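Asker: Using our numbering, read the sequence shown as starting at 113 and increasing by one per residue. Quick reminder that beta carbons are idealized off the backbone N, C-alpha and C, glycines included. This one's a predicted model, so the numbers in the text were calculated from it and none came from an experiment.
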Amino acid sequence: MIPKRILLTGAAGLLGGVLRRSFAGQFQLLRLSDIVSLGEAGEGEEIVTCDLADAAAVEALCKGMDAIIHLGGIPYETGWPELLRSNIIGTINLYEGARRAGVDRVIFASSNHATGMHPNDRTLSGESPARPDSRYGLTKAIGEDVAALYAYKHGIRSFCIRIGSCLPKPDNKRALSTWLSHGDFVRLVQVGLKADYVHEIVYGVSKNTRSWWDNSAAYRLGYEPQDDAEVYAAEVGDIELKTDLARNYQGGNFVPDEFSGRKEWLD
Ligand SMILES: NC(=O)c1ccc[n+]([C@@H]2O[C@H](COP(=O)([O-])OP(=O)(O)OC[C@H]3O[C@@H](n4cnc5c(N)ncnc54)[C@H](O)[C@@H]3O)[C@@H](O)[C@H]2O)c1
113 MIPKRILLTG
123 AAGLLGGVLR
133 RSFAGQFQLL
143 RLSDIVSLGE
153 AGEGEEIVTC
163 DLADAAAVEA
173 LCKGMDAIIH
183 LGGIPYETGW
193 PELLRSNIIG
203 TINLYEGARR
213 AGVDRVIFAS
223 SNHATGMHPN
233 DRTLSGESPA
243 RPDSRYGLTK
253 AIGEDVAALY
263 AYKHGIRSFC
273 IRIGSCLPKP
283 DNKRALSTWL
293 SHGDFVRLVQ
303 VGLKADYVHE
313 IVYGVSKNTR
323 SWWDNSAAYR
333 LGYEPQDDAE
343 VYAAEVGDIE
353 LKTDLARNYQ
363 GGNFVPDEFS
373 GRKEWLD
């Protein structure tokens, strides 16, 4: 079934804005939600201000939707209380609201930081186990497990995208591996809206020559990325990460931040 009524959480954010512009007029209804202002509703849009931590409000938000693109949450490292509230409780509320409303599928914005403590000479796939590099990364790993619970137990198709670095263009050497162009982001979300899957974890990455990720699961479902960060290699060549840990592990600067572990335990 091609979804006609779509809920977009985190719609006021950077990636929410990319989808809002790209999806304008393409669906019967695009319900845009965020905790902050979203401006005026355009044609085919509906705007609902909602805090993801408010279970009753999120339940109402999910009603009547065929699919949900769940981008809402905190996208950086911060303290437990904020992350617990917006990312963990928020994602549980979202899935529970989706279950009660009989929503067919949820596309969940996970992150490469769910697997950031893996070394970057290792090729990971969606099957690779979580190894979070931060409290933030852990919230995304938990979100992927929440997605699995609601897929296998409650029948909600779940497409988890471990997004790399979704930027207009790569901004440092690491991003030559992790970059996801805005165009490829839209293409991957479209795959999530249409493809046949139960619980799938893919990487949100363009077809970068230096990618660390085997994204064959996304390709099997129809993802055809168009962009390669390599065309920016000369531009970003001198922008290096500053520590060994940041250079050698997938999470980049998230890895040395607050690090108090044993380097010899990191393979
Ligand atoms: N941009 C990237 O490269 C990237 C990489 C990996 C993962 N992601 C994930 O993709 C999603 C979107 O990222 P972004 O860069 O657009 O971030 P963003 O911060 O620009 O957007 C997130 C939005 O979520 C909203 N939000 C936060 N807490 C909320 C709450 N309690 N209730 C309702 N709304 C709330 C914010 O107001 C914001 O508008 C995030 O979940 C992020 O973790 C992004």
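1) Where does F371 sit, in a helix, a strand or coil, going by DSSP?
2) Determine the direct distance from the alpha carbon of G191 to that of G154, and round the result to whole angstroms.
3) Could you tell me whether any non-hydrogen atom of ligand 1 is closer than 6 Å to the CB of D146?
4) Does the beta-carbon distance from A263 to H311 come in below 7 Å?
5) I need the straight-line Cα distance from V160 to C174, nearest angstrom please.
6) What is the rounded straight-line gap between the Cα of V218 and the Cα of I180?
7) Taking buried to mean at least 16 other C-beta atoms within 10 Å of its own C-beta, is P241 buried or exposed?
8) Under 8 Å Cβ to Cβ from Y248, same chain only, skipping five residues before and after it: list those, please.
9) Using 8 Å for Cβ pairs, my map puts K306 next to I114. What's the rounded Cβ distance?
10) Consult DSSP for R133 and reduce its assignment to one of helix, strand or coil.
11) Could you check the C-alpha separation between I268 and H182 for me, to the nearest Å?
12) Excluding the 5 residues preceding and the 5 following R359 in the sequence, name in chain order all residues of the same chain whose CB lies nearer than 6 Å to its CB.
13) Indicate whether A329 and V343 have their beta-carbon atoms separated by less than 7 Å.
14) Across which residues does DSSP place S277 in a beta bridge pair?
15) Spell out a yes or no on whether the segment 319-339 and the segment 228-235 are touching, meaning 3 or more CB-CB pairs, one atom from each, closer than 8 Å.
16) Which residue's Cα is closest to the Cα of G184: E256, L250, G214, T121?
17) Can you grab the Cα-Cα spacing for the pair T227 / I254, in whole Å?
18) Give, in chain order, every unbroken run of the alpha helix (DSSP H) that is at least 4 residues long and sits entirely within the segment 301-344.
19) On the premise that E171 lies in contact with R212, defined as a C-beta separation below 8 Å, what is that separation, rounded to the nearest angstrom?
20) For L292 and S277, what's the separation of their Cα atoms in angstroms?
21) Mind checking whether I275 and A341 have CB atoms under 7 Å apart?
Answerer: Checking against the coordinates, here is how it stands:
1) Mapped onto the sequence shown, residue 371 falls at position 259. DSSP places F371 in the coil class of the three-state scheme, outside both helix and strand.
2) Residue numbering aside, residue 154 sits at position 42 when the sequence shown is read from its first letter. Residue numbering aside, residue 191 sits at position 79 when the sequence shown is read from its first letter. Taking the straight line joining both Cα atoms gives about 36 Å.
3) Within the sequence shown, the letter at position 34 stands for residue 146. Relative to the non-hydrogen atoms of ligand 1, the Cβ of D146 comes within a distance shorter than 6 Å of at least one.
4) In the sequence shown, residue 263 corresponds to position 151, counting from 1. In the sequence shown, residue 311 corresponds to position 199, counting from 1. Yes; because the gap between Cβ atoms is below 7 Å, this pair is in contact.
5) For the purposes of this step, residue 160 is taken as residue 48 along the sequence shown, with counting starting at 1. For the purposes of this step, residue 174 is taken as residue 62 along the sequence shown, with counting starting at 1. C-alpha separation (whole angstroms): 11 Å.
6) Position 106 of the sequence shown holds residue 218. Position 68 of the sequence shown holds residue 180. One C-alpha to the other measures close to 5 Å.
7) One-based indexing of the sequence shown puts residue 241 at position 129. P241 should be labelled exposed.
8) On the sequence shown, residue 248 is found 136 positions in, with the first residue counted as 1. Excluding positions up to five away in sequence, the list reads I186, P187, Y188, E189, T190, L195, N199, S223, H225, F366.
9) Here residue 306 corresponds to residue number 194 of the sequence shown, with the count starting at 1. Here residue 114 corresponds to residue number 2 of the sequence shown, with the count starting at 1. Contact between K306 and I114 holds, since their C-beta atoms are separated by about 6 Å, short of 8 Å.
10) To locate residue 133, count along the sequence shown from 1; it is residue 21. Note: R133 maps to helix in three-state DSSP.
11) The residue you call residue 268 lines up with position 156 of the sequence shown. The residue you call residue 182 lines up with position 70 of the sequence shown. Those two C-alpha atoms are separated by around 13 Å.
12) Within the sequence shown, numbered from 1, the residue matching residue 359 stands at position 247. The answer, listed in chain order, is L353.
13) Counted from its first residue, the sequence shown places residue 329 at position 217. Counted from its first residue, the sequence shown places residue 343 at position 231. No, the pair does not count as a contact, with Cβ atoms beyond the cut-off.
14) Within the sequence shown, residue 277 is the residue found at index 165, counting from 1. For S277, the pairing in a beta bridge is given by DSSP as W291.
15) Cβ pair count under 8 Å is three or more, so yes.
16) Counted from its first residue, the sequence shown places residue 184 at position 72. For G184, the nearest C-alpha among the options comes from T121.
17) Here residue 227 corresponds to residue number 115 of the sequence shown, with the count starting at 1. Here residue 254 corresponds to residue number 142 of the sequence shown, with the count starting at 1. In a straight line, the C-alpha of T227 is about 12 Å away from that of I254.
18) Whole alpha helix (DSSP H) segments, 4+ residues: 328-332.
19) Translated into the one-based positions of the sequence shown, residue 212 becomes position 100. Translated into the one-based positions of the sequence shown, residue 171 becomes position 59. Their Cβ separation, rounded to whole angstroms, is 6 Å, which keeps R212 and E171 in contact under 8 Å.
20) What you label residue 292 is simply residue 180 of the sequence shown in a count that begins at 1. What you label residue 277 is simply residue 165 of the sequence shown in a count that begins at 1. Distance between the alpha carbons of L292 and S277 is about 6 Å.
21) Sequence index remark: in the sequence shown, residue 275 carries index 163 (1-based). Sequence index remark: in the sequence shown, residue 341 carries index 229 (1-based). Note that the C-beta distance between I275 and A341 is not below 7 Å.
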